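Have a look at the structure below, then the notes.
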Amino acid sequence: PVQVQLVVPMAVVFGPGSVPGDLPRPLPFRDVKEMEISVNLRTSVTSRYEMRYRSTTAQEEAALAAATPREADAALYPLQDTTLGSLTMYVVPETSSLLPQGIDVYVGKHRSALVRAGGSLAALQARLREVAQVMSFTASSIAAALSERVPDGQLSPDARRNLKSSLGYEITFSLLNPDPKSHTVDWDIEGAVNRFVKPVLDKLSLVANFSVDSQILYYAVLGVTPRYDKESSSFLLSAHSLPHVINPVEARLGSSAASLYPVLNFLLYVPERSHSPLYIQDKDGAPVSTNAFHSPRWGGIMVYNVEGPASPQASLPLHVDVDMARVMEVFLAQLRLLFGLSWEEVPPEFLLESPGNEGLADWELDHLLWAHTVENIATVSTTLTSLAQLLDKIGNIVIKDDVASEVYRAVASVQSAVTELSLGHLLAAFQASKEAVTSSERAFFDPSLLHLLYFPDDQKFAIYIPLFLPMAVPILLSLAKIVRETRLRKKEPTKMD
Amino acid sequence: GGMAAAALLLLLLAAARPGPGRADAGRERRDALREELLLSPLPTGDVAATFQFRTRWDADLQRGAVSHYRLFPKALGRLVAALGVRELHLALTQGFWRTRYWGQPPLQAPAGAELWVWFQPTVTDVDKAWKELSNILSGIFCASLNFIDSTNTVIPTASFKPLGLANGTDHHLLRYAVLPREVVCTENLTPWKKLLPCGSKAGLAVLLKAERLFHSSYHSQAVHIRPICRDASCLALSWELRQTLTVVFDFFSSGQGKKDWSLFKMFSRTLTDTCPLASQSKVYVDISPKNKEKELLEVSPPPTSVHEAIVQGDKKTYAVYDLLSPSLFNTSRSLNVQLKWKRPQDSSEMPIPTLHAQRYVGGYGLQTGEICTLIYNTHPYRAFPVILLETVPWYLRLYVHTLAIITKGKENKPSYIHYQPAQDRRRPHLLEMLIQLPANSVTKITIQFERALLKWTEYPPDPNHGFYVGSSVLSALVPSVTAMKDVDVEQSPLFTSLFPSSDGSSYFVRLYTEPLLVNLPTPDFSMPYNVICLTCTVVAVCYGSFYNLLTRTFHVEEPSRGGLAKRLANVIRKFRGVPPL
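As given, the protein sequences belong to chains A and B, one line each in that order. Per my numbering, numbering through the first sequence is continuous, rising by one, with the last residue being 771. Per my numbering, numbering through the second sequence is continuous, rising by one, with the last residue being 582.
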């Protein structure tokens, strides 16, 4: 059973004129809100928001007087608590013009949000809770992280999309050119990686190690022949055929033989000349605007159509330079999706600041860390439980000292992770959970624990059958004789009568 | 002797010095693919086809965290970068190249799997990197290379020098292993083909159809990765991946005694397409006239050009089909190279290669034996040294004092010997010798061994099949009969440019002898179970009678009236007047 308490330190700062009338105590004061996130019977996750209510300082007041929320966010950043996992909410008056019309919540690039006061304290608290969940974790993001433990059917399909937590990921960009006779495709992947992917990964380096590489595969075709559509004189891939697209390509992608990290594949497919232009249709038959789709826990594919030559006599092969900005925009969106950082369900009165160059806001990083920490703790618990089950099953298994010490280390790390979580130290908890995963996997996959190394008892018995069988014969015979005799003895007295 | 040894070692060090790179029309490419097929009729009537695919990449694989691959396969590139590989040579071979009858091979490999790797000097734990590398390669090529461990790995000191650019040749960075038992089949060919930029979809690789390639007397596929000079000044490195595949088709026996062949007959395919990524794609057909007579054979269609070169000491003429030349596919849609013999060739004029060797196991019984190696130098007047590398598994215990090298009836003292004795279950014997071969001579090398008794779990599933001993390796600079010109490596055909050519007077040859199959004393594997059964039965019988003795109650039985026999006997007795029973 896993019992985790997630503590989020949260500061609620009231700007001038935004303090609700029905405050129970004068500012500053502390308050705690606890919530239970139900996963299953054996796993309980409680979230605990430790809120400190206070009023603004003079500096914060000056910052809040900025003209746009973006400027206010930038000005407020140096003034707040920047430890991972902590949140700062600035409450602005209901009539404030800092937030645009119709927007009640502005989530900045860092770990703060501007919230419009909503009359009573209860209304404000409801709104604050909503913001805090977006910025840290929601019940569904925790459920997705614990998807192994959630019974099937209770989970939304989106939750299955998220990548498993791992110590590292390998990102591979592949350009598929099935028709090198007609197209010579060039892509400036090196520049694009440095410009678009690197900033995101630098930010994510706290979560895991990332390695990026790319390759060009020729004569790699999709597994599905697209359907020709006369009306638009184009080729269409319907949504239901997409699952069959990947398999034949995957054989060519080449596995990551040199490392054990999961691979994220991003494929750019330039269709053959005889099949272009090629468009992907969604379930309703409408073309997908990005002409791309993603596969949960695997990666994404984008179809990149090449415009036909100006004149039919143009000599082949046609030279194509890929517009990397367009491609990378799609791939980065898919990358965020795979990490569970999509904000489609956020209510319309929320305004999320785009993270800009960095590709990832600070609070989004926290969001990932919360989910991954919980997932790591659950994984360690599962691994150690199955190890214990294995030991129960095979009595004479040998646990070497190094395996035992790994197990002890895993238990200690996972305990410290749980403690750190309940203290609100997100980073420390995450590091500890990572160590726990490493130790527990090392213990579990130790070659000395191979099931087959141990001689099963039933086979031992089979070997001794030549002994047991002849020895059993006289015993059984005499048993039969005893039975026969007792039966006779019982019958004899009746005969006498 | 010592002088010659030093000279040979130095020569073997000489690395390939490629000439200036081909200027690519249009865009500047940093990688280039060349593909080539060499068809050579062998003296016995068989045909050898050697494919070579060479990807050259003007980038340093060792540096750079982000790697972007185009023609070079990512799987191998990452391997080289991650494990600090300087040079990698992997060959998977089925069958044996019969040098005596087929002549000097362009590229020979021992039967089974052969892997030799030079690591970078920066690699601290070479053994760990070697283990990891063999495991990964085993995954990439679906071969049992994961069986490479310390019992079959050796560190040769002289035989395997880097073929590419190398700063130092500290042989502790080298590892060499052969798995002679490895069976090579389709599952190894498919991943090999997958490494080609065009796959098997276009270009020469179209011919690589598994069902034909494995229906042959010899099949060898190899991967060679090495660093080479980027240009003549050699200031920067380029990496070269060479994928080679050699097959020998036996047409004499399968073709009703006719030695005519065509691409279609060999591969059941013809060439229709070029690989658009290749900067060079050529088919060479060896049409060298034998004995300076008139040409005996005729190729069709007419070749685009004729190339003359001195290969391995022989003057050779090749008909060249350049698949990239537009004229070739103009006349017909596909290229089916055919060769016809104008008149039947008499088999007596079979040329004998200058250097060839033979190896067998001598002796009788299951206790001792003898490994005999015969090395032939058929050169009429030149003597030359040869390095012999012998790797023998630990379970054949070599008696080094019995090592005898006899040439022309006299003892031939090797000028260099490196011997590393085996350790049981730890490492094999390694014997390296530099032997001078006098002109026109046979050198016989014998060494006796004792067969070890293995633990019963160490025997393979089929122990009576015998145990393989890997081929021994002969490396030599063979003096050339004809003087060779110094040619530009980057321009010359691929089949001439893997081994460094030292100077005009000699050429490098590496030969492998036959692998040996040695019987070891094998126990009766059913014995333990028999013993268990027998003991158990004895114990059970003893137990049964003892049990009966203890549990049965004995009582005296009253004599009964007797049966029919007794009554009969009494009647007879009555007649005889004897008292009844």
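Think of the CB as a built atom: it goes at the ideal place given N, C-alpha and C, for glycine as much as any other residue. Nothing here was measured: the structure is a model prediction, and the numbers come from that model.
- At a Cβ-Cβ threshold of 7 Å, VAL459(A) and VAL544(A) count as neighbours.
- In the DSSP assignment, TYR544(B) is bridged to no other residue.
- Annotation for THR191(B): the continuous alpha helix (DSSP H) segment containing it runs 187 to 195.
- Ranked by how close their Cα comes to the Cα of VAL379(A), the residues ASP503(A), SER394(A), MET363(A) have MET363(A) in first place.
- The beta-carbon distance between GLU183(B) and SER145(B), rounded to whole angstroms, is 6 Å. This is short enough to meet the 8 Å contact definition.
- Taking 7 Å as the CB threshold, GLU464(A) lines the interface with chain B.
- Taking a Cβ-Cβ threshold of 7 Å, the residues of chain A close to HIS69(B) are ILE463, GLU464, ASP487, SER488, in chain order.
- If you check each beta-carbon in the stretch 521 to 553 of chain B against every beta-carbon of chain A, the ones closer than 9 Å belong to TYR530, ILE533, CYS534, LEU535, THR536, CYS537, THR538, VAL540, ALA541, VAL542, TYR544, GLY545, SER546, TYR548, ASN549, THR552, ARG553.
- Here PHE268(B) is not near ARG231(B), since their CB atoms are 7 Å or more apart.
- Per DSSP, GLN279(A) is not a residue of any alpha helix (DSSP H); the beta strand (DSSP E) it occupies stretches across 276 to 288.
- DSSP, read as helix, strand or coil, puts CYS143(B) in coil.
- When rounded, the separation of the alpha-carbon atoms in VAL307(B) and VAL321(B) is 6 Å.
- Counting only runs of 4+ residues, the alpha helix (DSSP H) found wholly inside the stretch 436 to 491 of chain A occupies 463 to 466, 472 to 478, in chain order.
- For ALA332(A), the three-state secondary structure derived from DSSP is helix.
- Between VAL481(A) and LEU642(A), the gap from beta carbon to beta carbon is short of 7 Å.
- For ALA391(A), the closest C-alpha among the options ALA746(A), VAL594(A), ALA400(A), TRP644(A) is that of ALA400(A).
- In this structure PRO581(B) is exposed. Its beta-carbon is surrounded by fewer than 16 other beta-carbon atoms within 10 angstroms.
- Under the Cβ distance rule, SER589(A) does not count among the residues neighbouring chain B, no pair being separated by less than 7 Å.
- Proximity to SER414(A) across LEU552(A), SER321(A), SER360(A), ASN521(A) peaks at SER321(A), based on C-alpha coordinates.
- Counting along the chain, the unbroken alpha helix (DSSP H) around PHE268(B) starts and ends at 264 to 268.
- The alpha carbon of VAL276(A) has as its nearest neighbour, out of LEU542(A), ILE445(A), PHE288(A), VAL692(A), the alpha carbon of VAL692(A).
- Legend: CB atoms of the stretch 745 to 768 of chain A lying less than 8 Å from CB atoms of chain B belong to residues MET745, VAL747, PRO748, ILE749, SER752.
- Distance from ALA384(B) to LEU438(B) at the Cβ level is roughly 6 Å; contact confirmed, criterion being Cβ atoms closer than 8 Å.
- Interface annotation, LYS477(A): not in contact with chain B, CB-CB separation never under 7 Å.
- Of SER289(B), GLY113(B), ALA566(B), the smallest CA-CA separation from LEU517(B) is found for GLY113(B).
- At a cut-off of 7 Å between C-beta atoms, LYS455(A) counts as an interface residue with respect to chain B.
- SER386(A): member of the beta strand (DSSP E) spanning 386 to 390, first to last residue.
- The beta carbon of GLN375(A) lies closer than 8 Å to none in the same chain, with the five residues before and after it left out.
- If you draw a 10 Å sphere on the C-beta of THR342(A), you find fewer than 16 other C-beta atoms in it, and that means exposed.
- The alpha-carbon of THR158(B) is positioned some 44 Å away from that of LYS260(B).
- Straight-line measurement puts the Cα of MET409(A) at about 23 Å from the Cα of GLU335(A).
- Look at PRO111(B): its C-beta is not under 7 Å from any C-beta on chain A.
- Around the CB of ASP666(A), fewer than 16 other CB atoms lie within 10 Å, so the residue is classed as exposed.
- When the beta-carbon positions are compared, THR355(B) and LEU324(B) stay at least 7 Å from each other.
- Per DSSP, reduced to three states, the secondary structure at GLY363(B) is strand.
- At least 7 Å separates the CB of PRO327(B) from every CB of chain A.
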